[in-house]
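Written out below as structure tokens is the structure these notes cover.
In my numbering, the protein residues as written are -16 to 134.
Quick look at the structure:
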């Protein structure tokens, strides 16, 4: 049976590779056979030391996905939820990234990085741009605005 030191070592070792959510660390401890009560104590200790922080993880990941990779809020929400983050934490992270920014401008920037300057001219180019933006998790109404369908 694993004790507190072994549980902490397993959790810290898991965190050494990448930032993780509380849910991800909890699942890791469960897979390692750590008792639920001991896992909960370990998670509290990690949080108190600042080793796990779901809000900070969500903010960093949302910023990375939206600002650097050109992803839209739908893809970001899916990614963060998949990692076990609550809807409240996810919504706050996305809102924080979007504060003072336009989703349309972020989508246009992603499109420009991928295809270069200028609006898609042909129907085939517009379809390709549409698929790209939808695939990156931009909502359809934002994609339509970016591609000028509301004009």
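Positions of the beta carbon are idealized from the N, C-alpha and C atoms, including for glycine.
{"Asked": "Span separating the alpha-carbon of residue 103 from that of residue 62", "Found": "29 Å"}
{"Asked": "Buried or exposed by the 16-neighbour rule on C-beta atoms within 10 Å, applied to residue 133", "Found": "With a pLDDT of only 43 at residue 133, under 50, the local geometry of the prediction cannot be trusted, and the value read off the model is given with reservation. That one is exposed."}
{"Asked": "Delimiting residues of the alpha helix (DSSP H) encompassing residue 24", "Found": "19 to 31"}
{"Asked": "For residue 40, the three-state DSSP class (helix, strand or coil)", "Found": "helix"}
{"Asked": "The region 31 to 39 / the region 9 to 19 touching (three or more Cβ pairs under 8 Å)", "Found": "no"}
{"Asked": "Segment limits, alpha helix (DSSP H) that includes residue 70", "Found": "70 to 81"}
{"Asked": "Three CB pairs or more closer than 8 Å across the region 64 to 83 and the region 114 to 129", "Found": "no"}
{"Asked": "Cβ-Cβ separation, residue 55 to residue 90 (assumed contact under 8 Å), whole Å", "Found": "7 Å"}
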